[in-house]
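UniProt numbering numbers the first residue of the sequence shown as 1 and each following residue consecutively.
Inspection log for the structure reproduced underneath, given as C-alpha cells.
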Amino acid sequence: LLWDQKQRDRYHFVLMDRSQIGFEKKYGTPGRGDVMKIVLGLLWHDTYSEAKEIVEEAVRRLPPEEYDKRAIRLLRAAQLTLKHEYLPKDQWTKWEDETWYLKPHLDRIKREYRDYKTFTGRKPYWATRANYEQSEH
C-alpha cells in the first residue's frame with residue numbers, strides 16, 4: 001500500500017507492513033522494525049547484518065570516525081532494548097538524517113567481487129577469509 005507524500009514525510013517510510021496493523025494503529029508508523037529503528041536512533045545501514053561477508057568488508061572499510069559512530073548507535077540501541085526504553089522523541093531518527101553511509105563501500109565491493117570473479121574464477125580474499133580462519137590450517 002503506497003502512502004501519499006504527506007504520510008511519507010510524516011512517517012519517513014513508504015511501504016506499510018500488513019502483518020503489523022495493530023502496531024501501526026498504536027504507534028502511528030508502518031511496521032515494527034521501522035518503528036524500532038526510529039525510536040532507537042538507528043540509521044538504515046546500522047541494521048545490516050555483519051554475518052554477510054560483503055557487509056563485514058564494507059564495515060571494515062569505513063573511516064574510523066564513521067565506524068565509531070556506528071558502534072555507538074548499535075550499543076545505545078542494545079542498551080535501550082535491554083531496559084525496554086526508547087530515546088526521547090527529539091532524538092528519534094528522521095528520514096532527513098539518513099546518510100546511507102555503507103552504500104559507496106557496498107557498491108565498490110560488489111564491483112570488485114564481480115571483476116575479480118570474472119578474471120580469476122575465484123572469490124576475493126575477503127570473501128574467503130572467514131572460511132580460512134574457521135578451517136584447521
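Where is the CB? At the ideal position from N, CA and C, for every residue including glycine.
Values in this document were obtained by computation on a predicted structure and should not be read as measured data.
Whether residue i touches residue j by CB criterion (9 Å)
i	j	result
residue 75	residue 41	no
residue 105	residue 50	no
residue 70	residue 55	no
residue 103	residue 113	no
residue 97	residue 62	no
residue 73	residue 107	no
residue 65	residue 127	no
Cβ neighbour criterion (16 or more within 10 Å) applied to residue i
i	result
residue 38	buried
residue 84	exposed
residue 125	exposed
residue 34	buried
residue 31	Low per-residue confidence applies at residue 31: pLDDT is 49, beneath 50, and the placement is therefore not dependable, though the value from the model is reported in the following sentence. Classification for residue 31: buried.
residue 1	Residue placement at residue 1 is flagged as unreliable, the pLDDT there being 42, under the threshold of 50; the coordinate-derived value follows with that caveat. Residue 1 is exposed by the Cβ-count criterion.
residue 15	Residue placement at residue 15 cannot be trusted, given a pLDDT of 39 that sits under 50; the coordinates are not used to answer.
Problem set entry | 4-residue-minimum alpha helix (DSSP H) runs that sit fully inside the region 33-65, ordered along the chain | Counting only runs of 4 or more, we get 53-60.
For this session: Return the chain-ordered ranges of every alpha helix (DSSP H) run that is complete within the region 69-130 and spans a minimum of 4 residues.
Result: 103-120
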